[in-house]
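*Asks:* Residue numbers (my numbering): -13 to 135.
Glycine included, C-beta positions come from ideal geometry on N, C-alpha and C.
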Amino acid sequence: MKSTLLVVADLGGFKAYKLTPNEQANRAPHLDLLEHYDNGQAHDRLVDKVSDLAGRFPRADGATPGGGMSAGERHNIELESRKRLVRQLAQRINQLARPPEFDRCMLAASREINGQLVEELDSQVRAKIIKNIPADLTKIERADILRHF
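1. Between which two residues does the beta strand (DSSP E) containing residue 115 stretch?
2. If residue 72 and residue 123 are in contact, beta carbons under 8 Å, what's the gap, nearest whole angstrom?
3. Using the beta-carbon count (16 or more within 10 Å), is residue 99 buried or exposed?
4. Enumerate in chain order the residues of its own chain whose CB-to-CB distance from residue 8 is below 8 Å, with the five nearest sequence positions on each side excluded.
5. For residue 87, name the three-state secondary structure that DSSP assigns.
6. In or out: residue 6 buried (at least 16 other Cβ within 10 Å) or exposed?
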């Protein structure tokens, strides 16, 4: 019998469960934790990743020959980091959901990354998703997760 993969995710990681139906008709299905992935890079602060030292790149402003130095700011560094983290999440979820052991998948990802995460998933994994909830359920108890689905 094939089973369902249930994934709850936020930018920092995810928890993947195998949803097994209970043989007794009036009992709730059982959730078995398959993988708990915690991306340490998601918890790093920006100040730990970059230096705020000015003078790294020469500025050519035309007014002053040889002029001062620019700050060398990377304005999109947070956006780039976010995209990279979502891509890493999608790769790990793809590895879990691809095998034929799972014929269905349910996903709950925080509202901020839900659409982007689904876009990054492989098309065959995307086709397995039967329910997608834009909510962060990573910190709630295992017993309460099924209530949201």
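*Replies:* The answer reads as follows:
1. Reading the sequence shown from its first residue, position 129 is the one you call residue 115. Residues 115 to 119.
2. For the purposes of this step, residue 72 is taken as the residue at position 86 of the sequence shown. For the purposes of this step, residue 123 is taken as the residue at position 137 of the sequence shown. Their Cβ separation, rounded to whole angstroms, is 17 Å, which puts residue 72 and residue 123 out of contact at 8 Å.
3. Numbered from 1 along the sequence shown, position 113 holds the residue referred to as residue 99. With 16 or more other Cβ atoms within 10 Å, it is buried.
4. As a working mapping, residue 8 is identified with position 22 in the sequence shown. If we look at residue 8 and ignore the five residues flanking it on each side, its Cβ neighbours are 14, 15, 16.
5. Taking the first residue of the sequence shown as position 1, residue 87 is located at position 101. It is coil, neither helix nor strand.
6. Sequence index remark: in the sequence shown, residue 6 carries index 20 (1-based). It is exposed - the Cβ of residue 6 has fewer than 16 other Cβ atoms within 10 Å.
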